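K.L.:
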Amino acid sequence: MLEIKHLTKAYERVILKDVCLSFKEKGLYVITGQSGCGKSTLLNMIGGLDSNYQGIIEMDGRDIQTIPRYIQKYVGFIFQQFHLIEEMSVKENETLISYFKRIFSAKKEILLSQLKLKNLQSYKTKLLSGGQKQRIAIYRGFIANHPVVLCDEPTGALDVKNSEEVFKTLKELAKEKLVIVISHDEKLASKYHDYLYEIKNQQIHLVHQNKIKETITAKEKTTKKSFFQFLLKDFKLCWKSHFIVIQVLFIALLSIMLTLSLTNSTNKQIQAQLEKIIPSTTIMLKKKNNEMLTQKDLQNIHHKEITYRFLQNDDVEFLGISPLKKYQTNKTLYISDYIQKPKYKIQGKEIGNDQEIILARSTYEQLIYLTKQKSLMNQEVYLFFDYQNEVKSYPVKIVGIEEKETVMETLYLKEFAFNHYLQELYQLEQGHTAFLQVKNKKAMKILKEKYPIYQFKLANSSLSSTIDKKFKQIEIIFLGFSSLSIITACFLLGFVLYLMVIKRKKYFAILQTLGASLKQVCFIALFQGLIISGVAFFEAFLVLNQLFVLANTLIKESISNLMDNFFIVSYEMMGVMFIVVLIFTLLCSMVPIKKVKEIEIIEALKG
Ligand SMILES: Nc1ncnc2c1ncn2[C@@H]1O[C@H](COP(=O)(O)OP(=O)(O)OP(=O)(O)O)[C@@H](O)[C@H]1O
Numbered sequence: 001m002l003e004i005k006h007l008t009k010a011y012e013r014v015i016l017k018d019v020c021l022s023f024k025e026k027g028l029y030v031i032t033g034q035s036g037c038g039k040s041t042l043l044n045m046i047g048g049l050d051s052n053y054q055g056i057i058e059m060d061g062r063d064i065q066t067i068p069r070y071i072q073k074y075v076g077f078i079f080q081q082f083h084l085i086e087e088m089s090v091k092e093n094e095t096l097i098s099y100f101k102r103i104f105s106a107k108k109e110i111l112l113s114q115l116k117l118k119n120l121q122s123y124k125t126k127l128l129s130g131g132q133k134q135r136i137a138i139y140r141g142f143i144a145n146h147p148v149v150l151c152d153e154p155t156g157a158l159d160v161k162n163s164e165e166v167f168k169t170l171k172e173l174a175k176e177k178l179v180i181v182i183s184h185d186e187k188l189a190s191k192y193h194d195y196l197y198e199i200k201n202q203q204i205h206l207v208h209q210n211k212i213k214e215t216i217t218a219k220e221k222t223t224k225k226s227f228f229q230f231l232l233k234d235f236k237l238c239w240k241s242h243f244i245v246i247q248v249l250f251i252a253l254l255s256i257m258l259t260l261s262l263t264n265s266t267n268k269q270i271q272a273q274l275e276k277i278i279p280s281t282t283i284m285l286k287k288k289n290n291e292m293l294t295q296k297d298l299q300n301i302h303h304k305e306i307t308y309r310f311l312q313n314d315d316v317e318f319l320g321i322s323p324l325k326k327y328q329t330n331k332t333l334y335i336s337d338y339i340q341k342p343k344y345k346i347q348g349k350e351i352g353n354d355q356e357i358i359l360a361r362s363t364y365e366q367l368i369y370l371t372k373q374k375s376l377m378n379q380e381v382y383l384f385f386d387y388q389n390e391v392k393s394y395p396v397k398i399v400g401i402e403e404k405e406t407v408m409e410t411l412y413l414k415e416f417a418f419n420h421y422l423q424e425l426y427q428l429e430q431g432h433t434a435f436l437q438v439k440n441k442k443a444m445k446i447l448k449e450k451y452p453i454y455q456f457k458l459a460n461s462s463l464s465s466t467i468d469k470k471f472k473q474i475e476i477i478f479l480g481f482s483s484l485s486i487i488t489a490c491f492l493l494g495f496v497l498y499l500m501v502i503k504r505k506k507y508f509a510i511l512q513t514l515g516a517s518l519k520q521v522c523f524i525a526l527f528q529g530l531i532i533s534g535v536a537f538f539e540a541f542l543v544l545n546q547l548f549v550l551a552n553t554l555i556k557e558s559i560s561n562l563m564d565n566f567f568i569v570s571y572e573m574m575g576v577m578f579i580v581v582l583i584f585t586l587l588c589s590m591v592p593i594k595k596v597k598e599i600e601i602i603e604a605l606k607g
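First residue of the sequence shown? That's 1 in full-length UniProt numbering, and the numbers climb one at a time after it.
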């Protein structure tokens, strides 16, 4: 099983020289010797805490230095200073090992009563006596399924009575495992040993051996808790000290989220209002040789996606709509836009001929307000046009109302109706520009290829991209300012993680003696960082959402009911931000993780 072959260990001087020793599978091996002879040094090497030696230590025929996770699989430790986690309760200290090693769960109750720990479960660990603490350490050493338990002066900090108790228990438990005990107490060593050894003159000598009965122990079921559960427990231990860092990071993240969301929302709202005035599916059309367009030109342009065509003569100004036949500025509702087909539900009927029109709900209400009439449905009203200072009216009938609130007054005509009026009123048959309303703006590409003599352009493209560009510039300036806070927060996060590692060196060392691998210990440090930034991120996200809900309600109530939700949280943007936060956290954790890797277990346990 455990075998030491030609082991030599030296510091400034040689401590052990060419030591050879075989251990049986079970039994209490007590090693004594004068102070400084090398007992702890030997135990540390057997336990895999010190690998700087000559010779080989074998476990089941394999060099222990080549066995991955050797401590987790084979060794448990019981120390003179107990090495319990003082901030944890008795129960938590007892269960700690089960996150890293498989334990005999059926044995739990028996062992707890054997070690008289049952009544101590609710106690705070730091209030226990030395004897009580050592009994918890012994419990930890024997509840796990490692075959070897190494005890470095387990009675060193105890009185005579407690020391005797500990030896009695170890002797009993050594019937099932190999227990190697280092002790100064010669009396207890000679009373309880199965094998008694002494280190002298750099060698280990057998002093006495008791006959031991071979017992066969039945295989017992083992269980293990998940490492993730431990991570949460670990965070619970230190969340109080992380609280301030979380709040600082939260403020930094909130300021960035606010900046991005505000500029993004404002841009989106402006684009949405622009869309209402000039939809992005409106194509502007001109002739490449700058000739005027006629209605025939428009009629010859075919594509299944085109829903509406409109020819505009820039010399004619559309003045608006009024119920009076004679043009009066204060009785005429100014209308700027009539190049779309109604999109929303209509009250009334669809437009049947050139003399019929539909108004947007808000426009209709404006007109009612202007005329003080109760209803204008199916009534005749007048459209006014101005060409070379000659104002003329054209009678039309309101046949429908589109259920829509608009920012600008909106009037809908039948396709080509506008040309019809200009022809009748001013004998004009040509226009400078035409507009095509399409279902999908991708149709423009096909139109360009099919009709090369025309110039096609999205009507709102230049305005929309100018707005976009301006907002990008504003966003970059704001981001520059908010980045300062995020850099400070990251620096703080890295620094706090670094301090945490320094402060918890001993804690990390204890975890490794309980079977935690170096990777797991590094992950504990990383997890602290991840959870700090994760909690800060979600806190900022929730606050941002609530702020926006509040702001949207206020805007709706007091400013305008035209906007659905002015402030919008973009989940896509939040996703990207979350990934960036994770990357920053990883970067901030680099130095603390390096520090964890550098921890010397033996040194850290002394601290
Ligand atoms: N890291 C180290 N660097 C240099 N010398 C060391 C180191 N650790 C231990 N030693 C020396 O090695 C020798 C053996 O130390 P070790 O702790 O193994 O003795 P010990 O037999 O356990 O003594 P004690 O019974 O007093 O605990 C001592 O002289 C000690 O000073």
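Cβ coordinates follow ideal geometry from the N, Cα and C atoms, glycine included.
Model, not experiment: these values are computed from the prediction.
1) What residue range does the alpha helix (DSSP H) around P592 cover?
2) Could you tell me the alpha carbon to alpha carbon distance between T95 and A174, rounded to whole angstroms?
3) Skipping 5 residues on each side, what residues in its chain have a beta carbon closer than 6 Å to that of I64?
4) Please work out which residues of its chain come closer than 8 Å, Cβ to Cβ, to V434, disregarding the five sequence neighbours upstream and downstream, and give them in chain order.
5) Can you give the Cα-Cα distance for F79 and K221, rounded to whole angstroms?
6) Taking the beta carbon of M590 as the centre, do at least 16 other beta carbons fall within 10 Å, making it buried, or is it exposed?
7) DSSP state of T332, grouped into three classes?
8) State the Cα-Cα distance for the pair L335 and Y364, rounded to the nearest angstrom.
9) Of the residues D185, V179, H83, which one's Cα is nearest the Cα of residue 610?
10) So who's on the other strand from F79, going by DSSP bridges?
11) Could you work out which residue in P279, N210, I502, M59 is closest to P147 when comparing CA atoms only?
12) Could you please give the first and the last residue of the uninterrupted beta strand (DSSP E) stretch that includes Q282?
13) What's the call for R135, buried or exposed, on a 16-neighbour Cβ count within 10 Å?
14) Output the distance between the C-alpha atoms of D354 and Q379, rounded to the nearest integer angstrom.
15) Among L436, L587, I358, F548, which residue has its Cα nearest to the Cα of N264?
16) With a cut-off of 8 Å on the beta carbons, I'd call Q269 and F566 a contact; round off their distance for me.
17) CB I244 to CB I31, shorter than 8 Å?
18) For D18, does the count of other Cβ atoms within 10 angstroms reach 16, so buried, or fall short, so exposed?
19) Out of Q202, A189, F228, state which residue places its alpha-carbon closest to the alpha-carbon of Q209.
20) Any idea what DSSP makes of G352, helix, strand or coil?
21) To the nearest angstrom, report how far apart S163 and V543 are at their CA atoms.
22) Among K397, K168, P154, whose alpha-carbon lies nearest the alpha-carbon of K191?
23) Does the beta-carbon of C238, which I'm using as the reference point, lie nearer than 7 Å to any heavy atom of ligand 1?
24) Rounded to the nearest angstrom, how far is the Cβ of F385 from that of L319, given a contact under 8 Å?
25) Which of helix, strand or coil does DSSP assign to V407?
26) Give a single yes or no on whether I46 has its beta carbon closer than 7 Å to a heavy atom of ligand 1.
27) With respect to the alpha helix (DSSP H) encompassing D468, which residues constitute its N-terminal and C-terminal limits?
P.N.:
Straight from the coordinates:
1) 571-597
2) 21 Å
3) G48, I57, Y70
4) According to the sequence provided, residue 434 is Ala. The question's Val does not apply to it. M284, L285, K286, L293, D297, L298, R309, F310, L311, Q312, listed in sequence order.
5) 27 Å
6) exposed
7) coil
8) One point to set straight first is that residue 335 is Ile, not Leu, in the sequence displayed. Looking at the two C-alpha atoms, the distance is approximately 12 Å.
9) In the structure displayed, the chain extends from 1 to 607; residue 610 sits before or after that span and is not available.
10) D152
11) M59
12) In the sequence as displayed, the identity of residue 282 is Thr instead of Gln. Note, T282: beta strand (DSSP E), 282-287.
13) buried
14) 15 Å
15) F548
16) 6 Å
17) no
18) exposed
19) A189
20) coil
21) 58 Å
22) K168
23) no
24) 6 Å
25) coil
26) no
27) 461-503
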